[in-house]
Amino acid sequence: MVRDRGVAFLPPFREAVLSLRAHSAKLVARPAGRLQGRVCAPGDKSISHRALMFGALALGETTVRGLLDGEDVLATAAALRALGAEITHVRDGGPLSGDLWRIRGFGVGGGREPADVLELGNSGTSARLLAGILASHPFTSIMTGDASLRRRPMHRVIEPLTRMGGRFEGREGGRLPLAIVGTDEMVPIEYRLPVASAQVKSAILLAGLNTAGETTVVEPEPTRDHTERMLRHFGAEVRVVLAPGELGDGGKRITVVGWPELLGRDIVVPGDPSSAAFAVVAAAIRPGSDVTIENVGVNPLRAGLYQTLRDMGADIAFENEREVGGEPVADLHVKGGVLKGVEVPPERAPSMIDEYPILAIAAACAKGTTRMQGLAELRAKESDRLASVSAGLFANGVKHEMGLADLVVHGTGAPPAGGGLVATHLDHRIAMSFLVLGLAAREPVAIDDGSPIETSFPGFAQLMNGLGARIEAA
C-alpha cells in the first residue's frame, strides 16, 4: 500500500513503490541458532545516489553496476529523469554485482525545469543533495516526501545555499514541501560545517559545480568522502587540504572548482557497509555462526562500527581487500562468539552514525556496559533514532539509560528477554535492528511495519533467512 503524501507521484517512482510495498506487513523475528553462509550486501546507498547524480551532471553516458535498487535510490532516479537525464535499467544479471544502469546526462547547469513536484519518498539524501543541484539552476522546483521526510528539517542545507544565491520557501524549519528558486549566478563561498554532515558538504559542493570560481567547505570533523572521490572520477577539480593546526585532528578544507566538464564514466558500486552491518552483528551475537558478507565497502570514514565490534571482541576479518572505483572493498568474515561492553569514543560517531541502532543490539547481547556518546545527530534521521532505539530496548526488557546525546546499554551476556512489539516510525534501520535482536532474544521480537526496509535493503528478510534466521510475516 502506498501512503498518501498529498501530491502525485512521478510515474516511474510510483510504479516502483507500488511493487516494492505490495507485501508490507508486520514482521516478527524468532530466536535462531547459529548463522552460516556467504551473501552479498546490497549496493552502497550513499554511492548509488551519487552515481546517479554525477552521471546526470556529466556529458555522455555513465554505466553503473551494483546500484542499490531500493526506494530511496529510485526516488533520486525519478527526480533526475524529471530534470532531463535519460536513465535506463537493464536487468541482465551481469557478472559485476548484477544489473546495468545507463545514464545519459544533461551536463553541469543543463537541467530543465521539472514539470511536476519532485516526490522523494523517505530519502533525506535525495532531498539534501538535490537541493544543491536545484539551487544552482535558473528555475523553480518543489520537493516533497513522505510523512517522515516532511518532518525532517532542511535548514542545514538551506543556510549555506541561501548564502550562495538560492532562495527557499518551506514550512517552519525549512521542512518539506520546499520550493527552491534557483539561479545560474551562484556566488562561491567558504563555509564551515557547524556539525559533521556529509550531506550538507555534498549539497554545497554540488552547487559549487555550477558556480564561477572556487567553493570551499571547511570540515572540522571527518565525514564520508564519497562525493570528493566520485567528483574526481568524473573529471572535476577537487582539492582536499588537511588543516590540523586550524581545525584539530582530522580537519579538512575541501574545494571544488566551478564549471568543470564532467564526462560519463563506468562505476561499480560496492556493497553498503551500513546494510552489511545487520548480517555482521547477527552473526557476531550468535555463538557458532560463520558468515561471510562479500564485496563490502570499507572506506575508513564508514568503518567505525567494525572497529567498535572488534573492540567488543567480535571475530571479524577483512578478506580479499581491494579497490573498486576508487573505494576500498573487502569480504567480511564473521564468526559468532561472546561480546563485551565497551566505551565508544564520541569522535567515532561520524564514521558510524547510521550504525548506532544495530550497535545497541550488539550491546544488549554483550556482557557488561556499553556507553555511546555524541549521538545528537541520531535525532535528525528518518526518526528520532535515539528515542526509537530506547523505546525498542525498553519493550524488549533491555536495561539502559538515554540522555540528550548518549545511550548506555547494560548487557548481561545472556539473551535479552525479547517479546516486544517495536514501533519503527517509518525508519528502516530501526526495523532491521530489532529484527536482528529477535534472532538472539529469548522470545520473538516483532516490528509494526516492515515496508520501510525496502528503502535501503530490498530482500533483507530473504537474505537473512538464507543464513538461518527466522524472520516472517506476523
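Heads up: the sequence shown at position 226 corresponds to 226 in UniProt numbering, and the numbers run straight through without jumps. For glycine and all other residues, C-beta sits at the position ideal for the given N, C-alpha and C.
For residue 201, same chain residues with a beta-carbon under 8 Å away, outside a window of 5 residues either side, are 193, 217, 219, 223, 227, 254 in chain order. In this structure, residue 257 keeps its C-beta atom at 8 Å or more from the C-beta atom of residue 47. Close CB contacts of residue 236 within its chain, under the 8 Å cut and outside five residues either way in sequence, are with 209, 256, 257, 260, 262 (chain order). Pairing residue 79 with residue 411, the inter-Cα distance amounts to about 44 Å.
The DSSP-derived three-state label of residue 113 is coil. Residue 455 sits in a helix when the DSSP states are folded into three classes. Boundaries of the alpha helix (DSSP H) harbouring residue 438: 428-440, taken from the DSSP string. If you check the CB distance, residue 158 and residue 145 do not come in under 8 Å. Taking the Cβ atoms as the reference, residue 305 lies roughly 4 Å from residue 352, within the contact range of under 8 Å.
Residue 473 counts as exposed, since fewer than 16 other beta carbons sit within 10 angstroms of its beta carbon. Check the Cα spacing between residue 422 and each of 438, 413, 414, 408: the tightest is with 438. Between residue 361 and residue 289, the gap from beta carbon to beta carbon reaches 8 Å or more. Boundaries of the alpha helix (DSSP H) around residue 206: 198-209. With contacts defined by Cβ atoms closer than 8 Å, residue 295 and residue 271 form a contacting pair. For residue 138, the number of other beta carbons within 10 angstroms of its own is below 16, and it is reported as exposed.
The beta carbon of residue 160 is closer than 6 Å to those of 191, 204 in its chain, skipping five residues each way along the sequence.
For residue 187, the closest of 274, 213, 416 by C-alpha to C-alpha distance is 213. Under the DSSP assignment, residue 141 falls in the beta strand (DSSP E) whose first and last residues are 140-144. With 16 or more other CB atoms across the displayed protein chains lying within 10 angstroms of its CB, residue 350 is buried. When only Cα atoms are considered, residue 36 and residue 469 end up about 10 Å apart. By the Cβ criterion, the region 338-350 is not in contact with the region 323-330, since fewer than three pairs of Cβ atoms, one from each stretch, lie closer than 8 Å. One thing to note: residue 178 has its Cβ no nearer than 8 Å to the Cβ of residue 165. If you compare the alpha carbons of 377, 27, 359, 375 with that of residue 369, the shortest gap goes to 359. Going by beta carbons, residue 413 and residue 363 fall outside the 8 Å limit. A contact between stretches requires three or more CB pairs, one per stretch, nearer than 8 Å, and the region 395-402 fails this requirement with the region 425-432. Annotation for residue 168: the continuous beta strand (DSSP E) segment containing it runs 167-171. Nearest to residue 77 by C-alpha distance, out of 104, 99, 382, 52, is 52. Listed in chain order, the non-local C-beta contacts of residue 308 below 6 Å within the same chain comprise 344, local neighbours out to five positions each way being set aside. With a threshold of 16 other beta carbon atoms within 10 Å, residue 287 falls short and is exposed. Secondary structure note for residue 154: it is in no beta strand (DSSP E), with a DSSP letter that is neither H nor E. If you draw a straight line from the Cα of residue 99 to the Cα of residue 121, it comes to about 23 Å. In this structure, the alpha-carbon of residue 133 lies about 29 Å from that of residue 375. In summary, residue 38 is exposed, with fewer than 16 beta-carbon neighbours lying within 10 Å of its beta-carbon over all protein chains present. Under DSSP, the beta-bridge partners assigned to residue 335 are 290, 315. Comparing alpha-carbon positions, the option among 110, 198, 221 lying closest to residue 182 turns out to be 110.
The shortest CA-to-CA distance from residue 155 to any of 127, 147, 418, 45 is the one to 127.
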